[in-house]
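K.L.:
Numbering (our numbering), first residue to last: 1 to 66.
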């Protein structure tokens, strides 16, 4: 079985993929509704790409079943 490497994406990519504003992303994180970022260095954070993709897919699925 082939495993894919974990990819880290930065905030600009998260914003582009979700279509949300930065303040909305951080509000969702605070409310436990969006994946938390991981600290890459003292000034740099990123998100696990697969977690963001899963969040998007869950949002799509939830709107399709309503």
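Ideal Cβ positions, reconstructed from N, Cα and C, are used throughout, including at glycine.
Buried or exposed: which applies to residue 62, given that a residue is buried once 16 or more other Cβ atoms fall within 10 Å of its Cβ?
P.N.:
exposed
K.L.:
The beta strand (DSSP E) spanning residue 50 covers which residue range?
P.N.:
It is not in any beta strand (DSSP E) - residue 50 instead sits in the alpha helix (DSSP H) that spans 49-64.
K.L.:
Going by DSSP in three states, residue 15 sits in which element: helix, strand or coil?
P.N.:
Helix.
K.L.:
State the DSSP-derived secondary structure class of residue 39, mapped to helix, strand or coil.
P.N.:
strand
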